Amino acid sequence: MSLQADVRLSRGVLHLDLALSAQPGQIVAVLGPNGSGKTTLLHTLAGLIRLQHGQIHVSGSVWDSPGESVWMPPEQRRTGLVVADHLLFPHLSVIDNVGFGPRSRGVPKADARLRARVELDALGLGDRPDVRPRELSSGQAQRVALARALATDPALLLLDEPLSALDPTTRAQTRADLGVRLRAFPGITILVTHDPLDALSLADRLVFIEAGRLVQEGTPQEVIARPRDPYVAHVVGLNFLRGRRISDQQVDVAGTTVVAPDVPAGGPVCVTIPPSAVALYLTRPEGSPRNTWPVTVSDIQLVGQTARVSLVGPFTLAAEVTTTAVAELRLGIGQELWATVKATEVRVYPA
Amino acid sequence: MRSVRWARAGLVIPAWLAIAFLLVPLVALLVKVDWAGIPAHLANPIVVPALRLSLLTTSSTIAICALLGTPLAWLLARSTHPATPWLRALVTVPLVLPPVVGGVALLMAYGREGVVGRVLFDVAGWSIPFTTVAVVFAEVFVALPFYVLAVEGSMRGLDPRYDGLAATLGASPWRTFRTVVVPMVAPGIASGAALAWARALGEFGATITFAGSYPGRTQTAPLAVYFLLESDPQAAIALSLVMLLISVVILGALRGRWLR
Numbered sequence: 476m477s478l479q480a481d482v483r484l485s486r487g488v489l490h491l492d493l494a495l496s497a498q499p500g501q502i503v504a505v506l507g508p509n510g511s512g513k514t515t516l517l518h519t520l521a522g523l524i525r526l527q528h529g530q531i532h533v534s535g536s537v538w539d540s541p542g543e544s545v546w547m548p549p550e551q552r553r554t555g556l557v558v559a560d561h562l563l564f565p566h567l568s569v570i571d572n573v574g575f576g577p578r579s580r581g582v583p584k585a586d587a588r589l590r591a592r593v594e595l596d597a598l599g600l601g602d603r604p605d606v607r608p609r610e611l612s613s614g615q616a617q618r619v620a621l622a623r624a625l626a627t628d629p630a631l632l633l634l635d636e637p638l639s640a641l642d643p644t645t646r647a648q649t650r651a652d653l654g655v656r657l658r659a660f661p662g663i664t665i666l667v668t669h670d671p672l673d674a675l676s677l678a679d680r681l682v683f684i685e686a687g688r689l690v691q692e693g694t695p696q697e698v699i700a701r702p703r704d705p706y707v708a709h710v711v712g713l714n715f716l717r718g719r720r721i722s723d724q725q726v727d728v729a730g731t732t733v734v735a736p737d738v739p740a741g742g743p744v745c746v747t748i749p750p751s752a753v754a755l756y757l758t759r760p761e762g763s764p765r766n767t768w769p770v771t772v773s774d775i776q777l778v779g780q781t782a783r784v785s786l787v788g789p790f791t792l793a794a795e796v797t798t799t800a801v802a803e804l805r806l807g808i809g810q811e812l813w814a815t816v817k818a819t820e821v822r823v824y825p826a
Numbered sequence: 002m003r004s005v006r007w008a009r010a011g012l013v014i015p016a017w018l019a020i021a022f023l024l025v026p027l028v029a030l031l032v033k034v035d036w037a038g039i040p041a042h043l044a045n046p047i048v049v050p051a052l053r054l055s056l057l058t059t060s061s062t063i064a065i066c067a068l069l070g071t072p073l074a075w076l077l078a079r080s081t082h083p084a085t086p087w088l089r090a091l092v093t094v095p096l097v098l099p100p101v102v103g104g105v106a107l108l109m110a111y112g113r114e115g116v117v118g119r120v121l122f123d124v125a126g127w128s129i130p131f132t133t134v135a136v137v138f139a140e141v142f143v144a145l146p147f148y149v150l151a152v153e154g155s156m157r158g159l160d161p162r163y164d165g166l167a168a169t170l171g172a173s174p175w176r177t178f179r180t181v182v183v184p185m186v187a188p189g190i191a192s193g194a195a196l197a198w199a200r201a202l203g204e205f206g207a208t209i210t211f212a213g214s215y216p217g218r219t220q221t222a223p224l225a226v227y228f229l230l231e232s233d234p235q236a237a238i239a240l241s242l243v244m245l246l247i248s249v250v251i252l253g254a255l256r257g258r259w260l261r
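Quick mapping for you: the protein sequence lines, in order, are chains L and X. Numbering follows my numbering, with no gaps: position 105 of the first sequence is 580. Numbering follows my numbering, with no gaps: position 87 of the second sequence is 88.
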């Protein structure tokens with residue numbers, strides 16, 4: 476049940492051109508900014524959009540291959556699709572929604588209901604099988620949508636921002652339930668999301684796309700350790716800079732020297748700095764760390780007990796400071812400060 | 002202040018005149034009815050067969066509209082073919098065509114000497130004009146556009162992602178149409194059917210041209226009203242009242258959609 480896809484098509488301003496493969500049991504998260512082609516990618520896998528070039532093979536059978544004039548219509552593919560706003564059929568009861576797939580595939584009514592029952596029970600929804608979708612909470616509706624997609628035993632489970640329409644509390648609970656259910660799913664899961672938490676907590680592998688192209692893929696650990704693109708770094712919450720090696724301990728970033736413990740040999744390098752390692756001062760600190768830069772505050776966002784401060788200096792940086800620090804420094808937009816980073820906090824790796 | 006009041010009057014007076022214009026004939030009908038004699042008038046040998054024929058032909062018309070018009074509405078709603086807007090315009094032609102012209106066109110098509118009618122007569126010995134079938138033809142010709150446009154409108158309002166989702170669950174286009182689309186646009190289908198039925202019930206011009214006015218066979222309620230008006234005006238008024246009542250009931254059924 477492996478997936479091998481080489482997806483190439485143009486739709487309006489989007490030019491999708493990327494290869495994707497996955498093994499049974501894997502959960503692959505696809506991340507990217509809006510309009511990067513994530514949903515279009517899912518729809519080509521589901522058969523709702525045709526490829527213009529390339530091919531999609533699932534467990535040895537060809538689903539789409541314009542070169543060979545082969546195209547399998549969506550109803551013959553083994554996919555399950557879950558979208559943000561669940562799209563449960565409003566005129567069918569919960570159990571008939573879940574049984575819709577098996578019924579469409581020729582399963583007798585009683586067996587389809589039995590199958591639906593099993594899926595609903597697995598998600599803790601077995602107690603109210605006969606209610607209509609409008610009587611469900613958003614989290615329940617989304618779990619019913621998942622049960623509906625799974626009831627057809629898909630080879631590919633396609634989740635398109637499955638948690639994005641839920642409020643934060645419901646989202647956390649639904650994410651946990653989704654994680655448990657997906658671990659038991661033998662097929663391939665493709666999870667499209669722009670929430671890093673979904674990707675990091677659910678996926679085995681992350682695939683980042685931008686403007687229809689793959690920019691990085693790897694396990695969450697690999698991606699966090701070495702993001703190769705500003706968007707990827709942003710998702711995993713790191714400051715990302717591109718530079719050139721000067722010496723073993725020095726990197727040139729946009730004309731400014733950044734000091735780091737360990738600069739690899741070779742030319743271009745990537746530099747990451749955790750926002751929590753950026754310290755802010757009103758005046759230039761004495762006997763300061765070697766990485767000290769004058770910066771201007773461009774934005775401040777409060778997240779719980781910490782504040783995320785966007786800075787413009789020799790390059791843009793984000794700093795994470797306590798709300799106490801915000802008060803002590805009387806931080807405001809346009810304010811000029813000194814930012815320092817200990818050399819040991821800077822990571823450098825080949826670009 | 003004064004000019005504002007006059008400007009207001011300039012709107013209010015024509016508005017009330019319009020309402021009076023619509024209301025006066027209906028009130029007049031009620032005033033002129035011989036209420037005590039209604040049962041006797043309705044027992045007129047013309048009235049009962051005409052009502053029965055109208056019921057039969059309009060029911061057949063609605064069945065045909067639903068059977069043929071619903072799939073057409075769905076294809077029009079979802080087709081991205083460049084010819085679709087032209088096809089939609091074509092469907093609306095009978096809507097603006099004078100019904101008499103529709104009747105003439107039907108004669109040219111299905112009359113004994115018509116384009117299709119000649120073949121039907123030569124091959125099968127069928128002759129459609131001036132039969133009850135001709136009445137249904139005339140009614141379908143004028144009512145189908147109403148049905149298709151109303152149903153297509155509500156189908157276009159249906160989120161197309163439902164179609165795709167049903168397909169991923171293994172539903173063929175036909176199954177999606179039957180088990181997802183039709184139930185989800187049921188209110189649109191009901192109001193389309195009611196509109197089409199009202200139009201078919203009132204059909205006069207195409208019917209008299211293509212089917213004539215033979216009592217019991219092609220003389221529907223509107224034709225009966227027209228002919229009774231000379232021989233038995235009170236029966237004509239009573240029958241008109243019945244049709245007014247039916248119209249009001251249909252309007253009541255559509256209330257949810259139109260009277261807000």
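Ideal Cβ placement from N, Cα and C applies to all residues, glycine included. Computed from a prediction, not measured in an experiment: that's the story for all the values here.
* To do: Within 10 angstroms of the Cβ of residue 8 of chain X, are there 16 or more other Cβ atoms? Answer buried if so, exposed if not.
  => exposed
* Asked: Since residue 198 of chain X is in the alpha helix (DSSP H), which residue starts that stretch and which ends it?
  -> 187–203
* Comparing the C-beta of residue 173 of chain X with each C-beta of chain L, is any distance below 7 Å? -> yes
* Asked: Beta-carbon of residue 579 of chain L versus every beta-carbon of chain X: anything under 7 Å?
  -> Yes - at least one Cβ of chain X is within 7 Å of the one on residue 579 of chain L.
* Does any residue of chain L bring its CB to less than 7 Å from the CB of residue 156 of chain X? -> no
* Asked: The alpha helix (DSSP H) with residue 118 of chain X in it runs from where to where?
  -> 118–125
* To do: With 7 Å as the threshold, decide whether the Cβ of residue 44 of chain X is near any Cβ in chain L.
  => Using a CB distance cut-off of 7 Å, residue 44 of chain X does not count as an interface residue toward chain L.
* Asked: Among the residues of its own chain, which have a CB less than 6 Å from the CB of residue 608 of chain L, if the five just before and after it don't count?
  -> Closer than 6 Å at Cβ, skipping near neighbours: 563, 565 and 616.
* **residue 165 of chain X at chain L interface by Cβ criterion, 7 Å** => yes
* Asked: In terms of residues, what are the limits of the alpha helix (DSSP H) holding residue 614 of chain L?
  -> For residue 614 of chain L, the enclosing alpha helix (DSSP H) begins and ends at 613–625.
* Cross-chain neighbours of residue 558 of chain L in chain X, by beta carbon under 8 Å -> Here the neighbours are 162 and 166.
* CB-CB under 8 Å to residue 58 of chain X, same chain, minus the five flanking residues each way: which ones, in chain order? -> 133, 136, 137, 140, 201 and 221
* **Positions along the stretch 181–192 of chain X whose CB lies within less than 9 Å of some CB in chain L** => 181, 184, 185 and 187
* **Where residue 779 of chain L falls, given that 16 or more other Cβ within 10 Å makes a residue buried** => exposed
* What whole-angstrom Cβ distance do residue 502 of chain L and residue 664 of chain L have, given they're in contact under 8 Å? -> 4 Å
* Given residue 486 of chain L, which residues of its chain have a CB within under 8 Å of its CB, disregarding the five upstream and five downstream residues? -> Cβ neighbours of residue 486 of chain L beyond the five flanking positions: 515 and 524.
* Element boundaries [beta strand (DSSP E), containing residue 485 of chain L] -> 478–486
* Name the DSSP bridge partner or partners of residue 489 of chain L? -> Residue 489 of chain L is bridged to L:486.
* **Contacts around residue 34 of chain X, its chain only, beta-carbon distance under 6 Å, and the 5 residues preceding and following it disregarded** => 238 and 242
* Asked: Taking the C-alpha atoms as reference points, what is the distance between residue 549 of chain L and residue 731 of chain L?
  -> 54 Å
* Asked: In terms of alpha-carbon separation, which member of L:553, L:559 and L:595 lies closest to residue 828 of chain L?
  -> With chain L running from 476 to 826 in the structure shown, residue 828 of chain L is simply not present.
* **Between the CA atoms of residue 40 of chain X and residue 231 of chain X - distance to the nearest angstrom** => 20 Å
* **Min CB distance residue 53 of chain X to chain L below 7 Å** => No, because no Cβ of chain L sits closer than 7 Å to the Cβ of residue 53 of chain X.
* **Beta-carbon proximity list for residue 85 of chain X, same chain, < 7 Å, skipping 5 on both sides** => 77
* **Endpoints, the beta strand (DSSP E) within which residue 684 of chain L is located** => 680–685
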